[in-house]
Amino acid sequence: MKKNNAKNFCKLSKVQPTATHSAAKQQLTKLTELIAQSSHVGKEIEQVVASFRQVAAPDNEPFALSSVLSENIPLIRTAFEDCDDVKFRFFTGKGREALLVYLDGMTDITLLEKNVLEILMGSKNTANTQQSIPIDPSSLEKDLITSASMTTMTNASETLDAVLTGNALLIIDGINKGFSIGSKSHVKRAIEEAKTEAVAQGAHDGFNETLSDNIVLIRRRARDTNMKIRILQLGERSKTSIALVYIANLVKPGLLEEIERRIELISTDIIIVSQTVQEFLCEHPWTPFPLLQRTERPDVVTAAIYEGRVGILVDTTPMALIAPCTYNSTMQSIDDYSAAPVTASFIRLLRHFAAFISIFMPGIYIAVVSYHPGMLPTSLAISIAELRARTPFPAFLEVLLMLVVLEIFQEAIIRTPSKIVTAASVVGGFVIGTTIVQAGISNPLLVVVMAVTAITSFSMNYSLGLAFRTLRLPIILLSSILGLYGVMLGALAILIHMCSLMSFGESYIGGLFDITLLEDWKDALVRLPIKFSKARPKQYGSQDHMRQGDKNG
Amino acid sequence: MDRKTICAKVIRMANLEQKAKMSPLQLSIVLVTLCFGVSMITSTSEIIAPAKQSAWVSIIWGGVIFCGAALLMVKLGNLFPNDTFVEYMPKLWGQFFGTLIVWWLNVIMVLMFSIALANFSRTITFFLFDRTPTEVIALGLMSVCIYGALQDFGTILRMMQIVFFIIGPSINTVWLSSLINFQPENLSPLWPEDWGNTITVSFQAWPAFGGYEYILLLLPLVHPKKKSLTFSISAAFGFIIINYTSFVLITIAVLSPQGIQSSPYPILEVIRGVQIPGTFVERLEGYFMLFWIPIALSSHLIVLWGLAQTRMRQNQYMDHRPLVLILAPLLYTLSILLDSLEAINALNKLDTWLALIFSFMIIPISLILAWRKKRSVPQNSGAT
């Protein structure tokens, strides 16, 4: 074969020995023209073939991309009809008609100019402006476009999604594919301190509403190739990105699969907040307790995934979810690890005590005042009776009134613009608190009780604090009917309920006083020095149990 | 990864399925909570009244005797590792007598539950709500008890451990404060003069230890570790004996045997007497009663759950929850029918006799039958 080729393509002087130099030049020119013509013919044939290959759009696609740009334009325009923020930039590059579609405000135009327009249209420095665009999309990707992120897409829905996520869509005449050029750039909140989980000594960066930023915050904390991030899309209309973050060789076997299975079962059109995902994922949607841990802190997520748990980050919300979740894990703070173990243990115990107070204090007040004043020392009982003598309401109504005022006050403070929060606090705390006593509506002791109750509920995870706030009302009702006996029955009902809750197969109450999980007690109600906590929490069932003293750990 | 490693990982994995089982130590916690229950307040006077100063010996003897009975039950249960007594009693005794024995234990537990609930509501009414009907108090406990019994065993187990570790130390702290009024001269003569009476009272102390019969129901839920199981049950009884002995000794020392006879609730009288003037430490009986409520509830809860489980297994149902809802009104009705102390005492005596026959006649005979059956069956065909 090689010999034949050598025969066919031998020297011109050998084929035509009598020809002159000018004749040979003419022949060469003809040959060049022929090659150019055949190239054009070839391109046209390819376009014809592509149009022949064009099939009707599949059922789940809005349309099918055509190789003829003029056919694609009305289809894309129709898809983005009345979307004035979608911009269309027509241009001719390398001898072909092309279209760039992008969302105004979500795309970095400078990047597009540099990586697409300058390259294809040719800048002052570029000489080969007339060279036609290679028809093969892969060569376009390899040789021309200089964007770091570029994806070739065949489905129309993919191309539209690309535009809506902030990427630019490049469509070139003669190619029945679209190119997503990575150029996302939108307004976002900077990395700030977590609003609901401020700490004294720990790291001060918190999640924002951008998924990629949140992933970076976690990645920065561990240079571990076993840290895997799986991004899924959720919401038929919103197509919100959800990232599952886990450590491949630590995560409890079956946990990730179960989370993915439950996510696949979610059928909703839009995800606005991570609570929506949480309600779909958790086993008991009616419980007030958070069955997935919610956090704004990247260090909390990082610590959790190194215990064998899975972090779930939802785009457009700063609240990450962690599964599974236990009561203990929500009661812990990153500050517990910044303080000395003895101090941290004391603070933890105090937090649990605060949790108890935040639920039961108003109930205990009603019970003691209404049913069991005899349980108090005589002097205290007399002084309380004197205070109560000035108020017209029974203890239950008094507490109910104060509770409603307190809840309204807390809600108002959250929704009040930050500049007038101080003023609102003064009005709510001092003015109302003082005048309510002076007006004889409530007694000073109850004001103290309610103030302590309110403060204690802020000393823990916000979601858990909300759960405890919800439980106050039934306890108040029980105490007004059955006194301390009612309070105790309520406490036991809450305890049974908490013991019955499951978070991804794990008990919500976790290893709390479980003697089969004695190892976990080292970092539960109290925190032992870190050198004693050599193992990961047993209750989360991580693949590699040892944290220290093991090469794999 | 070899099979051994995989098994080790699976065992280490604390998942839902694993938590439906319990360790021998957890069984001992369940036993302690079950046995203490209501009787920790009511039984003491029943033992002190006939045995007087030698009641502490009766308690120790009683504990040892009932511990022996419990260990016999463990031996019997170990011969049928995957079955409860509901399954193997008919195999040993035949269908009719086997079912009769299962019903026998059911009756013991029904009476125990109703007596305990009646005693509980009377005590709470007496000390906390003198104008509230006992039925209302019983209904409150019953409601929470039903809610708890509707859950799976893992939930009950977790709850019992929390009660044991939080309430146990608290109630003991309150109780030990009564040492302030300890008068050792009331204890003499410390050594029993009438051994016959002391031993008879030991058997009458069953209400203080009653409930250990549920070992027969709970054994299949325990991880099979025979040695530690014997140790755990002995430890549980040791714990109960120590506590009851302290109850008896301190009560006698504080109130004297004569004082006890005039008091329906001597334990609470002892704590009521604790007062340190000028401090907050006074009227501790209210706190003691509050700490007692979770223990009483845990005890009721496990009995109700056990009754429903027994019926479920007898009727071969898949779910015990409907049976909880059926049994609860019956138990509640029976308890409110016990409206006098005489009725409670009479039924208590009947229950004690039924339990003694069960523990010291039926169980030993069942064990002998099981051994005989095991010997008669070829070794390769298994125990059952």
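In order, the protein sequences belong to chains A and B.
Residue 1136 in the numbering used here sits at position 103 of the first sequence; the count goes up by one each step and never skips.
Residue 239 in the numbering used here sits at position 124 of the second sequence; the count goes up by one each step and never skips.
C-beta: ideal position from N, C-alpha, C; glycine also.
If we call anything under 8 Å between Cβ atoms a contact, is residue 363 of chain B one with residue 214 of chain B? no
Beta carbon of residue 1131 of chain A, beta carbon of residue 1361 of chain A: below 8 Å? no
Answer yes if the region 342-354 of chain B comes into contact with the region 201-210 of chain B, meaning at least three C-beta pairs across the two stretches below 8 Å, and no otherwise. no
Assigned exposure category for residue 209 of chain B - 16 Cβ within 10 Å defines buried: exposed
What residues from the region 224-256 of chain B come within 9 Å of chain A, judged by C-beta to C-beta, listed N to C? 239, 243, 244, 247, 251, 252, 255, 256
Beta-carbon spacing of residue 1012 of chain A, residue 1103 of chain A below 8 Å: Missing from the structure shown is residue 1012 of chain A; chain A here goes from 1034 to 1586 and no further.
Run down chain B in chain order and give the residues with a C-beta less than 7 Å from the C-beta of residue 1473 of chain A. Those do not exist, as residue 1473 of chain A stays about 29 Å from chain B at its closest Cβ, beyond 7 Å.
Alpha-carbon spacing of residue 391 of chain B relative to residue 397 of chain B, whole angstroms: 6 Å
Beta-carbon neighbours of residue 1526 of chain A, restricted to chain B and to distances below 9 Å: 258, 259, 262, 263
Cβ-based neighbour list, residue 449 of chain B, same chain, cut-off 6 Å, excluding 5 preceding and 5 following: 229
Answer yes or no: do residue 482 of chain B and residue 206 of chain B have a C-beta to C-beta separation smaller than 8 Å? no
Listing by chain order, which chain A residues have their CB less than 9 Å from the CB of residue 409 of chain B? 1521, 1524, 1525, 1528
Which class does residue 1422 of chain A belong to by DSSP, given the choice of helix, strand or coil? coil
Mapping the DSSP letters down to three states, classify residue 1127 of chain A as helix, strand or coil. coil
For residue 498 of chain B, I'd like the list of residues in its chain whose CB is within less than 6 Å of its CB, leaving aside the five on either flank, ordered along the chain. Because the pLDDT at residue 498 of chain B is just 43, under 50, the model does not fix this residue reliably, and the value given afterwards should be weighed accordingly. Closer than 6 Å at Cβ, skipping near neighbours: 194, 489.
Would you check if the region 1522-1532 of chain A and the region 1335-1355 of chain A touch, i.e. whether three or more CB-CB distances between them fall below 8 Å? no
When you check each C-beta in the region 1532-1566 of chain A against every C-beta of chain B, which residues fall closer than 8 Å? 1532, 1533, 1535, 1538, 1539, 1540, 1542, 1544, 1545, 1546, 1547, 1548, 1549, 1550
Residue 1317 of chain A touches chain B at which residues, Cβ-Cβ below 9 Å? Correct list: empty, because the minimum Cβ distance to chain B is about 12 Å.
Interface flag, residue 479 of chain B vs chain A, CB-CB below 8 Å: no
Quick one: is residue 274 of chain B near chain A, going by C-beta distance under 8 Å? yes
Just by C-beta distance, which residues in the region 424-443 of chain B are closer than 8 Å to chain A? none
CA-to-CA distance, residue 1496 of chain A to residue 1172 of chain A, given in whole angstroms: 53 Å
For residue 1510 of chain A and chain B, any beta-carbon pair shorter than 8 Å? no
Under a CB-based cut-off of 8 Å, is residue 1407 of chain A close to chain B? yes
Determine, using beta-carbon pairs with one atom in the region 1419-1435 of chain A and one in the region 1467-1475 of chain A, whether at least three such pairs fall under 8 Å. yes
Restricting to Cα atoms, I'd like to know which of A:1426, A:1483, A:1392, A:1413 is closest to residue 1437 of chain A. A:1483
What residue ranges within the region 1231-1263 of chain A form continuous beta strand (DSSP E) runs of no fewer than 3 residues, ordered along the chain? none
Counting only beta-carbon atoms, is residue 293 of chain B nearer than 8 Å to chain A? no
Please say whether residue 372 of chain B and residue 239 of chain B have beta carbons closer to each other than 8 Å? no
Residue 492 of chain B versus residue 484 of chain B: straight-line alpha-carbon distance, rounded: 12 Å
For residue 298 of chain B, which of helix, strand or coil comes out of DSSP? coil
8 Å is my cut-off, CB to CB: does residue 138 of chain B come that close to chain A? yes
Whose CA, out of A:1536, A:1449, A:1377, A:1371, lies closest to the CA of residue 1234 of chain A? A:1371
Taking only beta-carbon positions, decide if residue 1515 of chain A is within less than 8 Å of chain B. yes
Closest to residue 244 of chain B by CA distance: which of A:1117, A:1400, A:1448 is it? A:1400
Going by DSSP, what residues sit across from residue 1266 of chain A in a beta bridge? A:1274
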